[in-house]
Structures are given as structure tokens and as C-alpha cells.
Amino acid sequence: METAVVAMTPEERERLRPMSEACERVEPGGAGEWLLHVAVAAIYVSFALILAWIVTHIVRDVAGATGWGAGFWRAAPWLGAAAVALGAIAVRRTFARDARAHLLRALGPYRADAEAALVREQRYRVLECRAVREPDEGGRIYLLRTHDGRCLVVFDHASFDLAESGADPATSPLRPAREAILRWAPQSELLLGLRFEGEPFARCELEPLDHPVPDWSHDARLWEHDWAEVERRLR
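Every letter in the sequence shown is one number past the one before it in my numbering, and letter 113, counting from 1, is 545.
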């Protein structure tokens with residue numbers, strides 16, 4: 433495998449743009465954050481005014497020898513409402529802060545990739561091509577022997593779409609060839625492109641695999657089994 437860091441194409445940057453913009457929308461300091469701070473300030477001011485009102489009436493009631501209870505109980509509903517509002521906002525801010533932190537952790541790498549505008553390009557020399565059927569969805573999975581005896585797994589996405597629509601997955605236009613070129617966004621590990629160059633292999637007939645097939649997490653990645661093990665699993 434040969435690896436190089438190269439410039440990102442405009443089309444690849446466009447693929448990252450929705451995630452990058454979503455990251456900017458959840459950053460602190462947006463309009464929603466500003467409105468929340470205004471609401472909190474308004475509640476605190478209201479709370480302070482209610483407390484001042486209570487103290488004023490208690491002093492007046494005590495001075496008039498009517499006791500402090502009357503002033504307190506007249507203000508109690510307003511005090512309770514302010515306390516409930518403050519509690520609700522505190523809970524909301526906690527959940528919002530946690531949700532924002534989670535989103536920033538998830539989306540931050542996409543923005544970093546978009547800003548860097550670089551991709552990690554991997555090139556594999558492919559010596560042999562075998563194909564198996566994904567048992568649940570019916571699409572094709574290609575098992576490609578690399579020059580160093582590893583197995584590169586490639587899911588034929590078009591064949592899965594054809595199987596889902598009731599068409600023949602074998603009519604997919606994907607044809608593995610002698611060189612596989614994968615382009616990854618380095619931080620987010622998003623696959624931005626996969627293509628084949630060189631002499632294409634003949635159409636691979638589907639073969640049974642005497643073990644579970646690779647799952648989607650293996651797509652465009654080296655399988656943990658080397659090619660000798662893959663051949664043993666192909667019946």
C-alpha cells in the first residue's frame with residue numbers, strides 16, 4: 433500500500449460542508465445561546481424583585497404589628513414560580529451544554545477536515561478478485577488480494593441499491609481493477625472516494641463463504657484475515 437496526503441477536491445469539500453456547518457451552528461455564542469442568557473438574566477432580576485417585595489412587606493407588616501406572615505404568603509406564589517423557572521432553565525442549560533459538547537466532539541473532525549482541505553490517499557495493488565453475497569441485503573462484497581497478501585474489502589453500494597429495488601445486483605457498474613485508490617478525510621475517517629484504475633478483472637462469480645461475511649465496518653478497509661485465511665473460508 434502507498435499512502436500520500438494530497439489536496440482535497442471541491443466535490444470532496446462539498447461532501448463535508450453539511451457537517452462542518454452543523455458544527456458551527458452548535459458552537460457557543462449563537463443566537464440560541466444569547467437568548468438563553470437573556471432569559472436567565474430576566475429570571476434572576478424577577479427573583480431579586482420578588483425578594484425585595486417580600487422584605488419590604490415583612491418590614492411594613494412588622495412595623496404595623498401585623499406580623500411578617502402576611503407579606504410572605506402574598507409573595508410566596510411568585511417566589512415559587514421564579515424558583516421553578518430558574519430550576520427549569522438550569523436543567524435545560526445542563527442538557528443543552530452536554531448535547532452541544534457531544535455534537536462538537538462528533539462534528540468537530542469534519543470541520544477540521546474541511547478547513548485543512550487535505551485527504552489521505554491510499555493505493556493498493558490488487559492481484560486477485562473474489563466476490564461473495566451479503567446474505568441479508570443481497571448485495572455484492574468484493575474480496576481483493578493485495579500485493580502483500582492482505583484482503584481489501586469493498587462493498588458494491590450500487591449492487592445493494594439494485595437488490596433493494598428488486599433488480600439484479602449483478603448489473604452494478606462497479607468493476608474492480610488492478611489498482612484500488614481510496615481517499616479518506618484524515619480526522620473524521622470519512623471515505624470520500626473509491627475508484628479503480630488499470631486492467632479490470634473479469635466479472636467475478638459469487639462464491640459461498642464458509643464463515644460470516646465482513647460487515648459494513650470493513651468496507652474499504654483491510655480485513656483482519658490475511659488472504660490465505662480468506663481462501664480457506666471460500667468453499
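Don't be surprised by glycine CBs; every beta carbon is placed ideally from N, CA and C.
Decide if residue i is buried, meaning its Cβ has at least 16 other Cβ atoms within 10 Å, or exposed.
i: R615; result: buried
i: P632; result: exposed
i: R562; result: buried
i: V437; result: exposed
i: R577; result: buried
i: L666; result: exposed
i: A612; result: buried
i: A634; result: exposed
i: A533; result: exposed
i: S597; result: exposed
i: A474; result: exposed
i: P450; result: exposed
In chain order, what residues of the same chain lie with their CB nearer than 6 angstroms to the CB of residue i, ignoring the 5 residues before and after it?
i: G581; result: D658, W659
i: S452; result: Y542, R543, A546
i: E434; result: R555
In the DSSP output, what is residue i paired with across the bridge?
i: F628; result: A612
i: Y542; result: Note: Y542 sits in no beta bridge, so no partner.
i: L638; result: A563
i: A652; result: Paired residue(s): none; A652 is not in a bridge.
i: R577; result: E560, C583
i: L550; result: A439
Give every residue of the same chain whose Cβ lies closer than 8 angstroms to the Cβ of residue i, excluding the five residues on either side of it in the sequence, and list them in chain order.
i: E566; result: R572, I573, F587, F592, V645
i: W648; result: F587
i: D651; result: V585, V586, F587, L623
So, at 7 angstroms on beta carbons, what are the nonlocal neighbours of residue i in its own chain, with the 5 sequence-adjacent residues on each side left out?
i: A549; result: A439, M440, R445
i: D600; result: L594
i: V564; result: I573, L575, L638, E639, L641, V645
i: H579; result: R557, L559
So for residue i, helix, strand or coil by DSSP?
i: E663; result: helix
i: W500; result: A caution first: W500 carries a pLDDT of 49, below 50, which makes its placement in the model unreliable, though a value can still be read off. Here W500 sits in coil by DSSP.
i: F587; result: strand
i: E569; result: coil
i: R447; result: helix
i: R582; result: coil
i: E434; result: strand
i: R555; result: strand
i: L606; result: coil
i: L622; result: coil
i: S690; result: With the chain represented from 433 up to 667, any question about residue 690 goes unanswered, as that position is not in the structure.
i: A617; result: coil
i: H643; result: coil
i: F633; result: coil
i: H534; result: helix
Quick check: the stretch 561 to 576 against the stretch 591 to 602, are there 3 or more CB pairs under 8 angstroms?
yes
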